[in-house]
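Numbering (my numbering), first residue to last: 38 to 513.
What follows is a set of notes on a single structure, which appears directly below.
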Amino acid sequence: MWPPVPQVEYIIMALKRTKIVDAFTGELEGQQVCVKGWVRTRRGNKHIQFIALNDGSTIHNLQVVVALDQFSEEQLKPITTGSSLCVVGTLVASQGKGQSYEVQAQEIEVYGTADPDEYPLQKKGHTLEFLREKAHLRMRTNTFGAVFRIRHHLAFAIHKFFNDKGFFYLNTPLITSSDAEGAGEMFQVTTLNVNDMPRTEDGKIDYTKDFFGKMTSLTVSGQLEGELGATSLGAIYTFGPTFRAEHSNTPRHLAEFWMIEPEMAFYDINDNMDLAEEFIKYCVKYALDHCKDDIEFLNKMYDNTLIDRLNGILKDEFVRLTYTEGIKILEESGAKFEFPVKWGVDLQSEHERYLVEKHFKRPVILTDYPKDIKAFYMKQNDDGKTVRAMDVLFPQIGEIIGGSEREASYDKLLNRINELHIPMKDMWWYLDTRRFGTVPHSGFGLGFERLVLFVTGMANIRDVIPFPRTPNNCEF
Ligand code: 4AD
Ligand code: MG
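As structure tokens, this is what we get:
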């Protein structure tokens, strides 16, 4: 162990711990406090040493002032970047600029050392790519501390928003036997021995021998079960992990991401758009109100247009236009796109961002997409070509929300299921919502990490989820 922790008698360690965030409130000025945390830096001279201590409760470090006539060299040696301490001392208004309070140390206990030759975060200023390789420690940096505190507050805001509106939080299954989006990008779940699969007489895998007696996968969306909830409880939302084995190695795709899916009976597509806009503005405002220090830090360090961009979202009404109108704007723009646009193509993020960032300069809700590029459950328009889809497109992000009014007619839905050759045996329970007391209803899905990406101004989705899962990457 580097270096050995000295054995010291501690007298007043029985003091209750104060979180560093609370030390900055001013209420404890002049009092004796006990603070605990990890050392960010240590500097000073022969007479006095300054330790910047952080316990994760705030972006701000608390300065611990150590007078060298009170501590031995042996006691201070193990205090290097990354080591963990308990400090008892007096909380006083700070002399130095940059911090409002500091602790004048009376006792220091070293919980754990961090060998300077080995601790990966010994130096400051690592790249985000480097830190991604050190995901097990990166939450100890200012940047990732800020990101994950913001992520927490956004999650809390989401529950608060829906709870205040009388929506019920519904937990939909993670292991499922249906492919909600019909996209076929599912991770299979099995207890069969993959090296020696049981086979039926015709050589197919015998799933009756599997744990559930059939083929199962991780869910790509809780929507279909969410519709069962909405057509019973009126308005529900899900908030859980979803899994997609898409090989999209982009800064906006994860194989495991969290999604919020509200689903509402008696909502048409306009009600749905109103809710989506109100919801996302609420989340952004909540973050601005509750994560001020962290957002200011990210604004200063990474992207000095972040705060303006967040405020811009609150100010402007989102543009609402149809896919057909959107395609027309893109075609007439004269812009060069990597993927050419014409009616019928799925929009790429370069197209979405052109509409949002260049053309309208604010968020856009695009509606009425061609039915062939959208899921089977969307309400069919009378033109026979489009469906009542709505995607919310955001600056820097592209699609942040995808949703629709749902097809409420049993016959139309069944026709579409047959047209797309979706196996009926998987869908009977879903069709029952249209067989028994069908109602107009709508819903949408917000990609949680895309929201966190937008609010933090980070550029890569791998930096806003603690442990990202992407193709060829599943550490821990
Ligand atoms: O547009 P999507 O695929 O819609 C659904 O899953 C519907 N069932 C939602 C609903 O109507 N209830 O996904 C919704 C959102 C996208 O807009 C995007 O923000 C996010 O989920 N998303 C992803 N986020 C990260 N990584 C991925 N691979 C994502 N795929 C979708
Ligand atoms: Mg989508």
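Glycine included, each C-beta is placed from N, C-alpha and C at the ideal position.
Between the Cα of residue i and the Cα atoms of the options, which residue gives the shortest distance?
i    : options                : result
T78  : Q86, P210, C71         : Q86
E512 : K171, L122, Q141, K83  : K171
H190 : V492, T507, E394       : V492
T361 : F61, L403, M252        : L403
G266 : P210, C320, V226, V257 : P210
G63  : E155, Y138, S109       : Y138
F316 : T253, F193, D500       : F193
Q112 : P407, T150, F61        : T150
R289 : A183, M223, G371, M495 : M495
Y447 : M464, D239, Y244       : M464
G277 : T268, E293, L270       : E293
T287 : D405, R499, G381       : R499
T440 : L174, F504, G263, K462 : Strictly speaking, residue 440 in this sequence is Gly, with Thr absent from that position. G440 has its Cα closest to that of G263, out of L174, F504, G263, K462.
I212 : T507, V257, M338       : V257
M427 : N307, D469, G474       : N307
F504 : V101, K197, R169       : R169
Q69  : K422, V101, D152, N91  : V101
L325 : R425, L430, L450, R188 : R188
Y467 : A89, L128, S269        : S269
N54  : E66, V72, F61          : Note on residue identity: the sequence assigns Arg, not Asn, to residue 54. The option with the nearest alpha carbon to R54 is V72.
T228 : S254, K241, E222, G203 : S254
R506 : L291, R346, T237       : L291
Y319 : M176, W75, K352        : K352
I273 : F249, R80, P299        : P299
V226 : E238, Y244, G240, T237 : Y244
L488 : A89, W295, G74         : W295
S386 : R425, V429, F248, M176 : V429
A372 : W380, R357, G381, R390 : R390
V231 : G119, I242, E110, D469 : I242
G67  : N82, Q107, S131        : S131
V501 : E110, E166, L347       : E166
E155 : I454, T164, S120, I145 : S120
L99  : I145, N348, D201, V76  : V76
Would you grab the beta carbon distance between residue i and residue j for me? Rounded to a whole angstrom, and I think it's under 8 Å.
i    : j    : result
L261 : S214 : Contact flag wrong, Cβ pair sits at about 11 Å.
Q33  : V125 : The structure shown has nothing for residue 33, since the chain only spans 38 to 513.
P235 : K246 : 4 Å
T279 : I297 : In fact, because the Cβ distance is near 10 Å, the residues do not count as touching under 8 Å.
E218 : A412 : 6 Å
F334 : A183 : 5 Å
A302 : G271 : 5 Å
T95  : I57  : 6 Å
V147 : L122 : 6 Å
V17  : I350 : Only positions 38 to 513 of the chain appear in this structure, which leaves residue 17 out of reach.
T180 : M338 : 7 Å
F61  : H97  : 6 Å
R471 : L450 : 6 Å
A74  : L90  : It should be noted that the sequence gives Gly, not Ala, for residue 74. Right, the Cβ-Cβ distance comes to about 4 Å (below 8 Å), so this counts as a contact.
K422 : P432 : At roughly 29 Å, the Cβ-Cβ gap does not stay under 8 Å, so K422 and P432 are not in contact.
P40  : K114 : 6 Å
F32  : Y206 : Any question about residue 32 goes unanswered here, given that the chain covers just 38 to 513.
D331 : R186 : 5 Å
P477 : D345 : Their Cβ separation, rounded to whole angstroms, is 39 Å, which puts P477 and D345 out of contact at 8 Å.
D409 : T359 : That belief does not hold up - the Cβ atoms of D409 and T359 are roughly 16 Å apart, past 8 Å.
Tell me, please, whether the CB atom of residue i is closer than 7 Å to any CB atom in chain C?
i    : result
F248 : Structure shown: chain C not included; a single protein chain is present.
Cβ-heavy atom distance between residue i and the ligand GTP below 6 Å?
i    : result
L291 : Only the ligand 4AD and the ligand MG can be found as ligands here, which leaves the ligand GTP out of the picture.
message: Which complete alpha helix (DSSP H) runs does the stretch 372-400 hold, if anything under 4 residues is left out?
response: You should have 386-390.
- request: Please list, in chain order, all residues with a C-beta atom less than 7 Å from at least one heavy atom of the ligand MG.
  value: With 7 Å as the limit, the residues whose C-beta approaches any heavy atom of the ligand MG more closely are D428, E436, G439, in sequence along the chain.
Secondary structure, alpha helix (DSSP H): runs of 4+ residues fully inside the stretch 484-509: Runs of the alpha helix (DSSP H) lying entirely within the stretch 484-509 and spanning at least 4 residues, in chain order: 485-493.
field: Length-filtered (4 minimum) alpha helix (DSSP H) runs lying within the stretch 123-173
entry: Qualifying alpha helix (DSSP H) stretches, in chain order: 165-170.
message: I'd like to know if the stretch 431-438 and the stretch 471-488 are in contact, where contact means that at least 3 CB-CB pairs between them fall below 8 Å.
response: Yes, they touch.
Sufficient close CB pairs (3 or more, under 8 Å) joining the stretch 412-429 to the stretch 282-297: Remark: fewer than three beta-carbon pairs, one from each stretch, lie closer than 8 Å, so the stretch 412-429 and the stretch 282-297 are not flagged as touching.
message: For the structure I just gave you, are there three or more beta carbon pairs, one from the stretch 354-374 and one from the stretch 388-403, closer than 8 Å?
response: Between the stretch 354-374 and the stretch 388-403 there are three or more inter-stretch CB-CB distances shorter than 8 Å, so the stretches are counted as touching.
- request: Taking only runs that begin and end inside the stretch 271-349, name each unbroken alpha helix (DSSP H) of 4 or more residues, in chain order.
  value: Counting only runs of 4 or more residues that sit fully inside the stretch 271-349, the alpha helix (DSSP H) segments are 306-327, 329-338, in chain order.
- request: Jot down the residue ranges of each uninterrupted beta strand (DSSP E) in the stretch 63-99, minimum 3 residues, whole runs only, in chain order.
  value: You should have 69-81, 85-91.
- request: Enumerate, from N- to C-terminal direction, the unbroken alpha helix (DSSP H) stretches of 4 or more residues contained entirely within the stretch 433-475.
  value: The stretch 433-475 contains these whole alpha helix (DSSP H) runs: 447-456, 465-472.
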